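Each position in the sequence shown, counted from 1, maps to that position plus 1 in our numbering. The C-beta atom is built at its ideal place from N, Cα and C for all residues, glycine as well. Since the structure is predicted, the reported quantities are computational estimates derived from the model, not experimental observations.
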Amino acid sequence: MAKNENNNRDISILLWSAGFILLLTLTTYLLTYSNMNQTSFLQKLRLFCIKNFSQHPNICRTLSLKNTNYLTIFHHSCFITFIIIILIFKCPLIKKLLKTGLTFKHCLTGVAISSLLIFIFLQQTTRFHYFAREHKLFSGKSTQEKNLMMFQDLYSFPQECKSLLQGHHQGEIIAGVNFNSNENGSEMSRHRILTYYLYPTISTRLDNQAPKDIIILYKKKDPLAHIPEGYKMLLKHSNNNYILLQKKGKNAF
2 MAKNENNNRD ISILLWSAGF ILLLTLTTYL LTYSNMNQTS FLQKLRLFCI KNFSQHPNIC
62 RTLSLKNTNY LTIFHHSCFI TFIIIILIFK CPLIKKLLKT GLTFKHCLTG VAISSLLIFI
122 FLQQTTRFHY FAREHKLFSG KSTQEKNLMM FQDLYSFPQE CKSLLQGHHQ GEIIAGVNFN
182 SNENGSEMSR HRILTYYLYP TISTRLDNQA PKDIIILYKK KDPLAHIPEG YKMLLKHSNN
242 NYILLQKKGK NAF
């Protein structure tokens, strides 16, 4: 019975010590970066606790602090904590003072559990902040209002196109940017969003063998000079960044 009580006491001391040292190490990192960037420590602490994980539907994306990934900082802190814990609890003087029988495996497990708990706390703090922000932005709004807030012209332009056209049309997008270039990754996403909301009134990605009767000019320089012969302009949108053209005399299929 006494042995079990001693073991529980040793484990409690280990967990609390590991947690405290890990938090102290993280704080030291943040203070160092704050001094290097001449920014507020509280600002860095807020970024680390609230914005360390950027919520994304497809990827696990973390932010950086002075070109250093937040996870890298956390992992370094965990490693430093483990080294300190080993030095402390394997020190003969401290072992005699605390009367502990902690082994290397105990120390490793204790640091791992403390790190996991702190990591989960930081992640849940970020998620709570994300939920509160999303709720404030979108609460009480319709689906259309939410889409307009998120995608702006990429949503409003297709809706205006659909209001002008009847039936289904085959079209193509003539752009002033390269959608497939690695340098324009955001443009590739914008292209996918635009084609998604144009469909099914205007199909630009699925070739159904129907003749093309619609052209959309997207971010073309001097777009009015690129209107092909035989087409009429139905819509100009967002300072001519989006222009809807339809072949004269063509109807929907």
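{"Item": "From Leu-165, Ile-86, Met-189, residue whose alpha carbon lies closest to that of Gly-20", "Value": "Ile-86"}
{"Item": "Cβ distance (whole Å) where Pro-159 is taken to contact Tyr-219 below 8 Å", "Value": "At roughly 12 Å, the Cβ-Cβ gap does not stay under 8 Å, so Pro-159 and Tyr-219 are not in contact."}
{"Item": "Exposure of Thr-196, with buried meaning 16 or more beta-carbon neighbours within 10 Å", "Value": "buried"}
{"Item": "Simplified DSSP state of Gly-20, which is helix, strand or coil", "Value": "helix"}
{"Item": "Whole-angstrom C-beta distance between Cys-79 and Leu-165, which should lie under 8 Å", "Value": "Contact flag wrong, Cβ pair sits at about 58 Å."}
{"Item": "Assigned exposure category for Phe-83 - 16 Cβ within 10 Å defines buried", "Value": "buried"}
{"Item": "The stretch 201-218 touching the stretch 238-253, judged by at least three CB pairs closer than 8 Å", "Value": "yes"}
{"Item": "Beta-ladder partner(s) of His-77, from DSSP", "Value": "DSSP, once it has assigned bridges, lists no residue as partnering His-77."}
{"Item": "Cβ-based neighbour list, Pro-201, same chain, cut-off 7 Å, excluding 5 preceding and 5 following", "Value": "His-169"}
{"Item": "Burial state of Phe-105, where buried means 16 or more other Cβ atoms lie within 10 Å", "Value": "exposed"}
{"Item": "9 Å Cβ cutoff met for Ile-175 and His-238", "Value": "no"}
{"Item": "Span of the alpha helix (DSSP H), counted from its first residue to its last, around His-107", "Value": "105-139"}
{"Item": "Delimiting residues of the beta strand (DSSP E) encompassing Gln-210", "Value": "Careful: Gln-210 lies outside any beta strand (DSSP E) and carries neither H nor E."}
{"Item": "The alpha helix (DSSP H) enclosing Lys-163, as first and last residue numbers", "Value": "154-165"}
{"Item": "Simplified DSSP assignment, three categories, for Ser-143", "Value": "coil"}
{"Item": "Cβ separation of Glu-161 and Leu-225, assumed to be a contact under 8 Å, to the nearest whole Å", "Value": "At roughly 18 Å, the Cβ-Cβ gap does not stay under 8 Å, so Glu-161 and Leu-225 are not in contact."}
{"Item": "Ala-3 in three-state terms, based on DSSP", "Value": "Unreliable positioning characterises Ala-3 in this predicted model, as indicated by a pLDDT of 46, which lies under 50. The coordinate reading is nonetheless provided below. Ala-3 falls in the helix class under three-state DSSP."}
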